[in-house]
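Here's the structure, in structure tokens; my notes come after.
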């Protein structure tokens, strides 16, 4: 994989995204007390500063909904990942716990209101492209064993063989980050109107946490092509 390609049709929707690779990740079997404390403290701050009744009116989430509304009935009903994370936080009192790698980027996503994708680099075939769907793509969603239909006229992240993430909503099964992941591709995705600096800041925040808690090396930005 050498490049991250954003098709013009997606750019025209006002979507912004950056992609980068983080190597040398070591995912422990159990989260450390230090990481647990950091996440729990951040969750309390998020619970105190957000209201599930008004999440959909937050500017960062309104723009996701507005873009989805342009893409057809199926997309219109989908909620962007960071809003879903905050709703889960308010419902359960904590964010989902998957493994320390996933837990870290889920937290940063909830804090920044940006959508994060994480993919085991060893599973990616060719370059990664953010493009509009034709409906003929292969997509096996996270947790599934069989492919499902992809609506025509949405945007998705794809490698040379299949959909890696539908919209910024649901990732695929084949590239999910697991406890065995040592090298990961991360994508940070924003709706229209977000300052591109926000994406770089989120990358840096994530990278710092991965370095501190999982021993990862500095991120390597992928060349972005239009």
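Numbering (the working numbering), first residue to last: 1 to 226.
Note that the Cβ used here is the ideal one computed from N, Cα and C, for glycine as well.
Everything numeric in this text was worked out from a predicted model, so none of it was measured.
Range covered by the alpha helix (DSSP H) that runs through residue i
i, result
"residue 184", "Unbroken run through residue 184 is the beta strand (DSSP E), 184-190; no alpha helix (DSSP H)."
"residue 39", "33-49"
"residue 209", "196-214"
"residue 63", "59-69"
"residue 168", "That residue, residue 168, is in no alpha helix (DSSP H); it is neither H nor E in DSSP."
"residue 104", "100-112"
"residue 10", "8-11"
"residue 75", "73-76"
"residue 81", "81-92"
CA-to-CA distance, residue j to residue i, given in whole angstroms
i, j, result
"residue 198", "residue 61", "15 Å"
"residue 104", "residue 10", "28 Å"
"residue 29", "residue 44", "24 Å"
"residue 95", "residue 135", "33 Å"
"residue 215", "residue 171", "25 Å"
"residue 13", "residue 153", "12 Å"
"residue 184", "residue 81", "19 Å"
"residue 15", "residue 108", "19 Å"
"residue 212", "residue 79", "31 Å"
"residue 98", "residue 115", "17 Å"
"residue 83", "residue 118", "17 Å"
"residue 34", "residue 27", "14 Å"
"residue 74", "residue 112", "26 Å"
"residue 194", "residue 137", "29 Å"
"residue 5", "residue 121", "16 Å"
"residue 226", "residue 128", "12 Å"
"residue 39", "residue 55", "21 Å"
"residue 92", "residue 149", "31 Å"
Beta-carbon spacing of residue i, residue j below 8 Å
i, j, result
"residue 147", "residue 139", "yes"
"residue 7", "residue 130", "yes"
"residue 227", "residue 186", "Residue 227 is absent from the structure shown; the chain starts at 1 and stops at 226."
"residue 22", "residue 205", "no"
"residue 160", "residue 125", "yes"
"residue 164", "residue 3", "no"
"residue 46", "residue 89", "yes"
"residue 71", "residue 177", "no"
"residue 219", "residue 200", "no"
"residue 76", "residue 69", "yes"
"residue 144", "residue 173", "yes"
Supposed contact pair residue j and residue i - C-beta distance, whole angstroms, cut 8 Å
i, j, result
"residue 166", "residue 18", "So it is not a contact: roughly 19 Å between Cβ atoms."
"residue 52", "residue 87", "6 Å"
"residue 209", "residue 25", "Going by Cβ atoms, the distance from residue 209 to residue 25 rounds to 11 Å, so no, they are not a contact pair."
"residue 156", "residue 133", "5 Å"
Span of the beta strand (DSSP E), counted from its first residue to its last, around residue i
i, result
"residue 21", "16-22"
"residue 148", "Run containing residue 148: none; DSSP gives neither H nor E here."
"residue 129", "128-132"
"residue 224", "223-225"
"residue 156", "155-158"
"residue 117", "115-120"
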